[in-house]
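Okay, structure first, notes after.
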Amino acid sequence: MKAFKYLPLVLCFAIVGTASAQDKTKGFLDELGYAYATLESGAFKVVVSVEGVSTPMVASEKAIWGRDDLDFMKVISVYTLVMNAPEGFNPPAAMYRKIVELSDGMLHGRLSMYNGSIFFSSEQGYGNATAQSMDTQLVLAHFMTQEYKKEFEPYLEEE
């Protein structure tokens, strides 16, 4: 699937812990009724659809500084691809500035770039997480991703 071209790479850096450490996130996804696939890393590939528009994303639990024994040192993370760059794409400086500008104004999440492709990610504290806060995190990621696609499409058209 082309949309997930770089997601395995992102997961290599994002996931800490074992598949059993993902129980809270799995419980929330089940409670909310999201269809998901469990990845080898233990993270979950989820597709969030609102009004006929779908956004694939990865949800996982990760430990900060490897401290998966302490709930206050864990977060629930969501990652999604905003824009998949074509092979050999050389991002212009203005695109980097746009990422910084948009990320700086965000109250929730951040944008990042890898090999010209742009990702949106966000975290919430594990200890205070609820199914409702997970749903909010997923839906926000969906809407933000759709909005940011519009911001970055002109850079691909220039190429």
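In terms of the working numbering, the sequence shown opens at residue 395 and continues consecutively.
Note that CB positions come from ideal geometry on N, CA and C, so glycine has one too.
Take P485, set aside five residues on each side of it, and the residues of its chain with a beta-carbon closer than 8 Å to its own are A479, M507, G510, Y549, in chain order.
Membership of S515 in the beta strand (DSSP E) is indicated by the continuous run 511-519. The beta strand (DSSP E) runs lying completely inside the region 425-502 and spanning 3 residues or more are 430-432, 438-444, 447-457, 468-477, given in chain order. Ranked by how close their Cα comes to the Cα of K439, the residues H502, E455, I512 have E455 in first place. By the CB criterion at 7 Å, Y542 and V494 fall outside the cutoff. Between S497 and L505, the beta carbon gap of about 5 Å places them in contact (Cβ cut-off 8 Å). Measuring C-alpha to C-alpha distances from T449 to each of F483, F422, Y430 identifies Y430 as the nearest.
No residue range can be given for T524, since it is assigned to no alpha helix (DSSP H) and is classified by DSSP as neither H nor E.
Linking E547 to H502 through their CA atoms gives a straight-line distance of about 22 Å. For the options Q416, G499, V452, D424, the alpha carbon positioned closest to that of L532 is the one of V452.
For L505, DSSP records a beta bridge to F514. For the pair A535 and E425, the CB atoms are not nearer than the 7 Å cut-off.
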